[in-house]
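Asks: Quick one: the structure is below, questions incoming.
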Amino acid sequence: MLLSFTLASLLLIGGLSYYLLIYPRQKIKKIINQPFPTQWQQYLQRNVSFYKQVPDSIKQRLHQLILLFVAQKKFYGCAGLTITDEIKVTIAAQACLLVVGRPDNWYDKLQSILVYPGSFQLHGENTDDIHQVSPEIRLGESWQNGRIILSWHDVKFGGLYPDDGHNVTFHEFAHQLDTADGYADGLPQLAINQSYSVWTQVFAEEFHRLRAAAQNGNNSVMDYYGATNPAEFFAVATETFFEKPHAMAHEQPELFEQLIGFYKLDPREWQH
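The opening position of the sequence shown corresponds to residue 1 in the UniProt record's numbering, with each subsequent residue numbered one higher.
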């Protein structure tokens, strides 16, 4: 059952006040109570397909989180890209959808988002990513030192095509949720009523099933890249959960239920 807007706002303020100690309660309240700019809504209407589909109750909470995200996080343009409100808001909306059901699950360790115009090359790094085009060219990166790197071209592509199972923003911000406890292991900080033992069992079984599918060339609702390791499995599972919820619920019902419990959302409600 959806919370009323007033109650949801109080929970949002309370939860985020606890996790964002550098933002006093009154400052958070002031930020999230600002009117959501009409121009920002136009950016989202144009760039983020799910924005037009989610219920108004979710949209209202999403507005609050976007306002806070843009106020709190630092954005840097790379390779000549000039950061605009459109870039900030488009990224923030997709990142905040992952936490709109659980304001306690905030990106408290994330400090900055570096944005390139398109795919980018990092020298001296040897990290894997689902969106890697070659060993050196990438579309997104998530680092445990409080940074995310994104390709603006692919952020927009992911926002405009919500049902192909690939969204670089969902993927990299899922990594941030996973590593909030300091470990990239596919085991994020679960909701209060979730069981770690059940989560571990379900995810281990589905991880090995996806690995077998990848090895044998069998069909799977999830991209084979999720079989790389448990951390990538969680990130790919998150993409699939939000972009292919009906297929995932049919093919991987137990995994889907664990993700509902974690995100406190069911994307089937707005994807028909």
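Every residue gets a Cβ at the ideal spot worked out from N, C-alpha and C, and that includes glycine. On a predicted model such as this, the values are computed, not experimentally measured, just so you know.
Give the DSSP-derived three-state secondary structure of Arg268 in the structure shown.
Replies: On the sequence shown, position 268 is the one that residue 268 refers to. In this structure, Arg268 counts as helix in the three-state DSSP scheme.
Asks: Hey, Phe234 and Ala174 are a contact pair by Cβ (cut 8 Å); roughly how many whole angstroms apart?
Replies: The residue labelled residue 234 in the question sits at position 234 within the sequence shown. The residue labelled residue 174 in the question sits at position 174 within the sequence shown. With a Cβ gap of about 6 Å, Phe234 and Ala174 count as contacting.
Asks: Per DSSP, Arg25 is paired with what?
Replies: Here residue 25 corresponds to residue number 25 of the sequence shown, with the count starting at 1. For Arg25, which the question treats as bridged, DSSP gives no partner whatsoever.
Asks: Specify the secondary structure class of Leu255 as computed by DSSP and reduced to three states.
Replies: Residue 255 sits at position 255 when you count from the first residue of the sequence shown. Leu255 falls in the helix class under three-state DSSP.
Asks: Compute the Euclidean distance between the alpha carbons of Phe62 and Gly146, then round it to the nearest angstrom.
Replies: The count along the sequence shown starts at 1 and reaches residue 62 at position 62. The count along the sequence shown starts at 1 and reaches residue 146 at position 146. Strictly speaking, residue 62 in this sequence is Leu, with Phe absent from that position. Approximately 22 Å, taken between the alpha carbons.
Asks: DSSP three-state call for Ser151: helix, strand or coil?
Replies: By one-based count along the sequence shown, residue 151 stands at place 151. Reduced to three states, the DSSP call for Ser151 is strand.
Asks: Am I right that His246 and Gln271 are in contact with their C-beta atoms under 8 Å? What's the rounded C-beta distance?
Replies: Taking the sequence shown and counting its residues from 1, one reaches residue 246 at position 246. Taking the sequence shown and counting its residues from 1, one reaches residue 271 at position 271. So it is a contact: roughly 7 Å between Cβ atoms.
Asks: Expressed to the nearest angstrom, what Euclidean distance is found between the alpha-carbon atoms of Lys52 and Gln45?
Replies: Within the sequence shown, numbered from 1, the residue matching residue 52 stands at position 52. Within the sequence shown, numbered from 1, the residue matching residue 45 stands at position 45. Roughly 6 Å between the two C-alpha positions.
Asks: Of all the alpha helix (DSSP H) runs that stay within the bounds of the region 153-178, which reach a length of 4 or more residues?
Replies: Here the runs fully enclosed are 168-178.
Asks: Round the Cβ separation of Ala227 and Leu210 to the nearest angstrom and send it over; I've been treating them as touching at under 8 Å.
Replies: The sequence position of residue 227 within the sequence shown is 227, counting from 1. The sequence position of residue 210 within the sequence shown is 210, counting from 1. Confirmed, Cβ separation roughly 5 Å.
Asks: Starting from Leu97 and walking both ways along the alpha helix (DSSP H), at which residues does that stretch end?
Replies: For the purposes of this step, residue 97 is taken as the residue at position 97 of the sequence shown. Note, Leu97: alpha helix (DSSP H), Asp85 to Leu97.
Asks: Identify, in the order they occur along the chain, each residue of the same chain with its Cβ nearer than 8 Å to the Cβ of Phe207, setting aside the five sequence neighbours on each side.
Replies: If you number the sequence shown from 1, residue 207 lands on position 207. Gly186, Gly226, Ala227, Pro230 and Phe233, listed in sequence order.
Asks: Rank Val99, Ser57 and Gln41 by C-alpha distance to the C-alpha of Leu65 and give the top, closest one.
Replies: Translated into the one-based positions of the sequence shown, residue 65 becomes position 65. Comparing Cα-Cα distances from Leu65 to each of Val99, Ser57 and Gln41, the minimum goes to Val99.
Asks: With DSSP run on the structure shown, which of helix, strand or coil describes Leu114?
Replies: Taking the first residue of the sequence shown as position 1, residue 114 is located at position 114. Looking at Leu114 - three-state DSSP - the assignment turns out to be strand.
Asks: Give me whichever residues DSSP pairs with Glu239 in a beta bridge.
Replies: The residue given as residue 239 occupies position 239 in the sequence shown. According to DSSP, which records beta bridges pairwise, Glu239 is partnered with nothing at all.
Asks: Take Tyr161 as the anchor and find which of Val236, Lys30 and Ser49 has the nearest alpha-carbon.
Replies: To locate residue 161, count along the sequence shown from 1; it is residue 161. Of Val236, Lys30 and Ser49, the residue nearest in Cα terms is Ser49.
Asks: Can you list, in chain order, the stretches of the alpha helix (DSSP H) that have 4 or more residues and sit fully within the region 23-61?
Replies: Whole alpha helix (DSSP H) segments, 4+ residues: 25-32 and 38-47.
Asks: Apply the 10 Å Cβ neighbour rule to Pro55 and answer buried if 16 or more other Cβ atoms are within range, or exposed otherwise.
Replies: On the sequence shown, residue 55 is found 55 positions in, with the first residue counted as 1. It is exposed - the Cβ of Pro55 has fewer than 16 other Cβ atoms within 10 Å.
Asks: Excluding five sequence neighbours on each side, which residues of the same chain lie with their C-beta closer than 7 Å to the C-beta of Ser220?
Replies: In the sequence shown, counting from the first residue as 1, residue 220 sits at position 220. Cβ neighbours of Ser220 beyond the five flanking positions: Leu210 and Ala213.
Asks: Is the beta carbon of Ser119 sitting closer than 8 Å to the one on Arg138?
Replies: Along the sequence shown, read from residue 1 onward, the residue named residue 119 stands at position 119. Along the sequence shown, read from residue 1 onward, the residue named residue 138 stands at position 138. Cβ distance < 8 Å, so Ser119 and Arg138 count as in contact.
Asks: For Tyr196, report the span of its alpha helix (DSSP H) as first-last.
Replies: Counting from 1 along the sequence shown, the entry for residue 196 is found at position 196. Element bounds for Tyr196: Tyr196 to Asn216.
Asks: Under the three-state reduction of DSSP, which class applies to Gly140: helix, strand or coil?
Replies: On the sequence shown, position 140 is the one that residue 140 refers to. Of the three classes helix, strand and coil, the one that applies to Gly140 here is strand, per DSSP.
Asks: Does the beta carbon of Arg102 fall short of 7 Å from some heavy atom of the ligand FAD?
Replies: With respect to the ligand FAD, the structure offers nothing, as it holds no ligand at all.
Asks: How would you label Gly80, buried or exposed, when you count the other beta carbons within 10 angstroms and need 16 or more for buried?
Replies: Position 80 of the sequence shown, counting from 1, holds the residue named residue 80. Exposed, because fewer than 16 other Cβ atoms sit within 10 Å of the Cβ of Gly80.
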